[in-house]
Amino acid sequence: MPELWSGVTVKAGSLMDRTVGQHMQALEQKLNLLNARIMDENDRAKRNQLASELRAVESALTHYRSALEAEERIVKA
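Remember, this note's numbering sits 280 above the position in the sequence shown when you count from 1.
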């Protein structure tokens, strides 16, 4: 049965079941994969799509890192 969290229905086995560290590790693996695929791709449209995905992954990682840094500062205060 789906769990209700802050007005959002979350299915069991979803990303919400992962720790932040696990999610960041998966994003870093995706980042490495996208970087490799972009270097091997010759089709411009596909390269543009990969570049868009790459920026999204980089953005997500930046947000996670910033949140963890902010939490660390709060805990130390």
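We treat Cβ as the ideally placed atom computed from N, Cα and C, and that holds for glycine. From a predicted model like this one, the values you see are computed outputs, not experimental measurements.
Between Ala340 and Leu307 a beta carbon distance of about 6 Å is seen, short of the 8 Å cut, so the two are scored as contacting.
Sequence-distant partners of Leu334 (beyond 5 residues in either direction) whose C-beta falls short of 8 Å from its own C-beta, in its chain, are Leu311, Leu314, Asn315, Ile318. Under the DSSP assignment, Glu338 falls in the alpha helix (DSSP H) whose first and last residues are 324-356. CA-to-CA, the gap between Lys326 and Ala336 works out to about 15 Å.
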